[in-house]
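**Student:** Pasting a structure here, questions to come.
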Amino acid sequence: MSETNNALVKHNGETPAPFDGGPVAVPPADVLEENDGYVLTLDMPGARRGEISVTVAEGTLAVKAPLARPGALDGRVLYREIVRGSYERFFTLGEGIDRDGIEAQYDNGVLTLRLRKSEAVKPKEITIR
Amino acid sequence: MSLVRWNPVRDLSAFPSDVLSMRKEINRLFDNFFQGDLADTTSAFTSAWVPAVDIAEHEGDFVVRMELPGVKKEDVKITMQEGVLTVKGEKRQEKESKGLDYHRVERSYGSFQRSFTLPTAVKSENIDASFTDGVLQIALPKAEEAKPKQIDVRVK
């Protein structure tokens, strides 16, 4: 079981640093809605755990992994399909997301982010007296 | 302006050569695809998705790198038979029982299979495969007789 990585880097109030050049690949993401939150799953093969940054600033969730994919291939290249470069993806968080309750896990090239819905938007069951 | 007799055949003679060279070009593309150094026999029928791969040849070995994020090690099968390397397996969808609705599905799932015919013989028993951060890396050392060897020329 992968351990929850709670060491999130949060820069509330600051906008995320602009990416400093180099090729960038956008990792594909699945977005699943649950009753009390959302689950974002991103495919980022080759990214190293310690080098992935997940930041939230002013409603923007930014996922970055610098130079995750190897650079030049040495030897005689027979196939070259893997996109070189870093990973970068941004998500805009609406009002219904609790900005402080984001969890991230990284395992086997897949980053899983769990976002909690803020209390106001959670579906509530109303009992009839 | 002097009159030049119009020769309809002369104009047409330029046309076939252009068409022929284009045809030669297309034939060459097809030839390279089917009998190139490394014939890729990816089966479109058994693959739900096609993982990206990098293959490089060095003096002593081949290195294959395939991106398989989210695929479990036990769901990957690597086989080497008669000079053909096959990597097949399945990427399973996580079962989210609490899930209400998928708003976006961009990732690929399902079975995959890719086969590569290697141009030179490899030592099957020394093939090494490792899986880190969703990237499968396979090192295939070349068989002794396939390695480039320096041949000394005897001078009488």
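So the protein sequences, as listed, match chains A and B.
So that you can map any letter, position 62 of the first sequence is 337 in my numbering, and since no number is skipped, the others follow by simple counting.
So that you can map any letter, position 49 of the second sequence is 51 in my numbering, and since no number is skipped, the others follow by simple counting.
We put the CB at the ideal spot given by N, CA and C, even for glycine.
Would you decide whether A/A335 is buried or exposed? Buried here means 16 or more other CB atoms lie within 10 Å of its CB.
**Tutor:** Note that residue 335 of chain A is Thr in the sequence shown here, rather than Ala. Counting Cβ neighbours within 10 Å, A/T335 comes out exposed, since fewer than 16 surround it.
**Student:** Which residues, in chain order, does the region 69 to 86 of chain B contribute to contact with chain A at a C-beta distance below 8 Å?
**Tutor:** Cβ contacts with chain A come from E69, L70, P71, G72, V73, K74.
**Student:** Tell me whether A/G376 sits in a helix, a strand or coil according to DSSP, three-state version.
**Tutor:** Reduced to three states, the DSSP call for A/G376 is strand.
**Student:** Between A/D373 and chain B, is the shortest Cβ-Cβ distance under 7 Å, so that the two count as touching?
**Tutor:** A/D373 does not count as touching chain B.
**Student:** Taking 7 Å as the cut-off, decide whether the C-beta atoms of A/D305 and B/R94 are in contact.
**Tutor:** Cβ atoms of A/D305 and B/R94: not closer than 7 Å.
**Student:** Around the C-beta of B/Q115, are 16 or more other C-beta atoms found within 10 angstroms, so that it is buried, or is it exposed?
**Tutor:** That one is buried.
**Student:** In or out: A/E400 buried (at least 16 other Cβ within 10 Å) or exposed?
**Tutor:** So A/E400 counts as exposed.
**Student:** For B/E108, which residues in chain A fall below 8 Å Cβ to Cβ?
**Tutor:** Near B/E108 (Cβ distances below 8 Å), the residues of chain A are P303, A304, D305.
**Student:** For A/S277, which residues in the same chain have their Cβ closer than 6 Å to its Cβ, ignoring the five residues on either side in sequence?
**Tutor:** Residue placement at A/S277 cannot be trusted, given a pLDDT of 29 that sits under 50; what the coordinates show is reported in the next sentence. Cβ within range, chain order: Q380, D382.
**Student:** Roughly how far, in whole angstroms, is the beta-carbon of A/K392 from the beta-carbon of A/G325, given that I think they are within contact range, below 8 Å?
**Tutor:** In fact, because the Cβ distance is near 30 Å, the residues do not count as touching under 8 Å.
**Student:** At a Cβ threshold of 7 Å, is A/T402 touching chain B?
**Tutor:** No - not a single Cβ of chain B is within 7 Å of the one on A/T402.
**Student:** Are B/D130 and A/Y354 closer than 7 Å when you measure CB to CB?
**Tutor:** Against a cut-off of 7 Å, the Cβ pair of A/Y354 and B/D130 comes out as no contact.
**Student:** Have a look at A/N310, A/P302, A/A300 and flag the residue whose alpha-carbon is nearest the alpha-carbon of A/E394.
**Tutor:** Closest by alpha carbon: A/N310.
**Student:** Residues in the same chain with beta-carbon distance under 6 Å from B/E147, minus the five sequence neighbours each way, listed in chain order, please.
**Tutor:** Nothing meets the Cβ criterion.
**Student:** Return no unless some Cβ of chain B is closer than 7 Å to the Cβ of A/I357.
**Tutor:** By this cut-off, A/I357 is an interface position.
**Student:** Just checking my contact of A/V223 with A/R364 at CB under 8 Å: how many whole Å lie between their CB atoms?
**Tutor:** Lying before the first or after the last residue shown, residue 223 of chain A is absent from chain A, which here runs from 276 to 404.
**Student:** Whole angstroms are fine: how far does the CA of B/K158 sit from the CA of B/L67?
**Tutor:** Residue identity differs from the one stated: residue 67 of chain B is Arg in this sequence, not Leu. Whole-angstrom Cα-Cα distance: 48 Å.
**Student:** Could you tell me which chain B residues have their CB closer than 7 Å to the CB of A/V385, listed as they occur along the chain?
**Tutor:** Correct list: P71, G72, G136.
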